[in-house]
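Sequence lines, in order, name chains A and B.
Going by my numbering, the first sequence wraps up at 371, each residue one higher than the last.
Going by my numbering, the second sequence wraps up at 311, each residue one higher than the last.
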Amino acid sequence: MPSIELIDINKSYGAVHVCKGINLTIADREFVTLLGSSGCGKTTTLNMIAGLDDPTSGDILMDGRRVNDLEPVGRDVAMVFQNYALYPHMTVAGNMGFNLRLRNFSPAEIHERVGAAASALDLSHVLDRYPSQLSGGQQQRVAIGRAIVRHPKVFLFDEPFSNLDAALRNRMRAEVKELHLRLGVTSIFVTHDQEEALSISDRVAIMRNGSVEQFGTPEDVYADPETVEVARFIGTPQVEILECVIDRSNGSNTVLRCGSASLPITARQAVALGTRTEKVLVTIRPEYVTIGGQGTSATIRDVQPTGPSTLVKLGWEGSAIMARLNGIVRLTVGETAHFSIDPMQLMLFDNESGRRIKTKS
Amino acid sequence: MAARQSILGRAGIVLALVVFVFAATGPIVWLLLSSVLQQQALTSIPPDLSPSSFTLANYLEVFSSAAQLGRAIINSLIVATFTTALAIILGAPAAYALARLEIKHAGTILLMVLAAQMFPAIVIAIPLFITASKLGLIDTKLLLILVYLSFNLPIVIWVLRGFFMGLPLGLERAARVDGASPLQTFLRIVLPISLPSLFAAAIFAFIEAWNEFFFALIMTRQTAQTVPLAISAFAGQYQTMFGQMMAAAAISVAPIILLTILLRNTILRGFADGMLKG
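Structure follows, in structure tokens:
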């Protein structure tokens, strides 16, 4: 299975610059997700890897070989499309075997390969049906079956589950992950659903405005975001971003003043801030915010019980912060509460560039 | 209130449909009615619709002089069928290429295709006649097929191009990933799913060729005479046999109406398509 390299890929449609200098190196057998909101260039990037679109500039390498000028079939990629793209006039077996027929496989081999894929995907009983006679989940499995009968070198998935209901989506997610573990084929998956991306990927490339903001493991992009946009984009609920000034008035004990609230920081963070005087952007994941005890005083603005936890939005003078409390917690909106944070978990970002102000470990 | 509005709305729709059905079927009903009325009953004002006025004599007369109408029907069938087949065989690939392939000057080509349609028939009739007569094609079915093709092909290309452009790209992209060439994609994916639209375009081309009068009048004499000319022959210098003319017209429109009724679902799908999920 090949490794895939995107080197400084640009794509423009007229004056619209969709992909801006994308660089990615995807390892052999890796499962990588391109994650971003709609219009960020993730599907265009996937289409360029597939050979369906040509980059305006830049190189696409597979196993070190430049494949820019190869058709999809020459790159040996298989793709699962968002709207399934099943041929409506062909049966399930016809759909799955079409690419083998084009490559002049013998009917016996087509039968064998389609049969094997169908039984792996639980489609054996619908092989004679037409796509319109199938449920959404079955249609999606046929689309996956069509991809796996070819034994391709690379699997590409373009938001394959966005038309399925939540329960089915979870099941299909597990099936795709299992398929990847079993076949070990390099896979690139496009989605706008962060939960989906984090749950199935080895690494996630977070895209925004045609560029890759961060490329890392699911743990990295959640716990260690490199930009404020990644911090905001990853994680549910979305974190609140505070604009804070650095207060060094109390000698060596530097704190962040965020509106009327003051947040403590660690010595390492104080070192990382150096001699900065301008504002910094600050956020913290809700699970590191606790309510009760002394802490900073704030007003409860919203309470959302989700079952295993309760999300609480706390606000004060133009700022807000989210807290996640274990279990169902009864709190009243409008009341005052005291919260405290784990300063180790505070994430600081440059106000101008939005880039992380890293502490040295 | 909402219920009352919806009743009013429904009444409006029903009324509009009734008017439409009358407007669409009225001429056909009148045609059929006239074809079974005696000449006198038909020409009196108002027409005499008493049972004694009805007769099948017009049909019998038409059938007794059937040789001419029969030959015309066969001519029309040959001309319309070949025109339609050629228009689809040539038009569909052209339309697909113009819709999907990267062709230089595609816009200019499309405009030229359309421009060919824009000349008034009378402008091209005389040069066409001279050219055809020099080629010895006057009064041949081949000439009619070529002439009809020249104004059916642009329409077929434009209609089908519009349809192909409305097809979701996903299917063709999937075919490309599956390893199909553009021609394989067209023949094995696009054409089969476009059958309803091809039928609709074909029916349109067929009707155009079947009904055409002007060029048939100029370019044919006896041998290649088509149905509209045969019908017009019932209008003589001194007398017009309205009843017989209507009977002949009824016979000649029968295949078209039959074809449309038989294929109505396909034609409707052809017009409604573009909503195909892909």
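Heads up, the beta-carbon is just placed ideally off N, CA and C, and yes, glycines get one too.
In the DSSP assignment, M354(A) falls outside any beta strand (DSSP E) and carries neither an H nor an E. Residue contact with chain B for M217(A): absent (no Cβ-Cβ distance below 9 Å to any residue of chain B). What R39(A) touches in chain B, judged by beta-carbon distance under 7 Å, is nothing: the nearest beta carbon there is about 21 Å away.
Note that the stretch 177–193 of chain B touches the stretch 144–151 of chain B; at least 3 beta-carbon pairs, one per stretch, sit closer than 8 Å. The beta carbon of N109(A) falls within 9 Å of a beta carbon belonging to chain B, placing the residue at that interface. Neighbours of I222(B) across chain A, judged by C-beta separation under 7 Å: Y97.
Within chain A, A60, G61, L62, E81, P82 and V83 have C-beta atoms less than 9 Å from the C-beta of R209(B), given in sequence order. Taking 8 Å as the upper bound for CB-CB distance, L262(B) and A105(B) are in contact here, some 7 Å apart.
Collapsing the DSSP output to three states places T293(A) in a strand. If you ignore the 5 residues before and after G364(A), its C-beta comes within less than 8 Å of the C-beta of T237, V238, E239 and L291, all in its own chain and listed in chain order. Under the three-state reduction of DSSP output, S129(A) falls in the helix class. Residue range V26 to I36 is occupied by the beta strand (DSSP E) that includes N33(A). As summarised for the stretch 105–190 of chain B, the continuous alpha helix (DSSP H) elements at least 4 residues long and confined to that stretch are 139–151 and 154–167, given in chain order.
Taking all protein chains in view, the Cβ of A249(B) is crowded by 16 or more other Cβ atoms within 10 Å, so the residue is classified as buried. Shown here, P315(A) sits in a strand according to DSSP, grouped into three states. Buried is the label assigned to S68(B), since at least 16 other Cβ atoms lie within 10 Å of its Cβ. Take D86(A), set aside five residues on each side of it, and the residues of its chain with a beta-carbon closer than 6 Å to its own are P162 and K163, in chain order. Residues are counted here when their Cβ sits less than 9 Å from a Cβ of chain A; for the stretch 223–238 of chain B these are P225, I226 and L228, given in chain order. When 9 Å is used as the limit between beta carbons, V87(A) is near these residues of chain B: V210, in chain order. Counting only residues of its own chain and dropping the five nearest sequence neighbours on each side, L144(A) has a CB closer than 8 Å to the CB of V102, V136 and V152.
Taken atom to atom, the span from the alpha-carbon of P215(B) to that of I136(B) is near 13 Å.
Contact annotation: in the stretch 194–206 of chain B, residues whose CB is within less than 8 Å of a CB in chain A are P201, G203, L204 and R206. In the DSSP annotation of this structure, M100(A) is not part of any alpha helix (DSSP H), being labelled neither H nor E. Around the beta carbon of Q255(B), fewer than 16 other beta carbons lie within 10 angstroms, which makes this residue exposed.
Here I216(A) is not near V186(A), since their CB atoms are 9 Å or more apart.
At least one CB of chain A lies nearer than 9 Å to the CB of A213(B).
At a cut-off of 9 Å, the C-beta of F91(A) has a neighbouring C-beta in chain B.
Chain B places no beta carbon closer than 9 Å to that of R278(A), leaving this residue out of the contacts. DSSP lists V313(A) and A333(A) as the bridge partner or partners of V322(A). DSSP places H190(A) in the helix class (H, G or I) of the three-state scheme.
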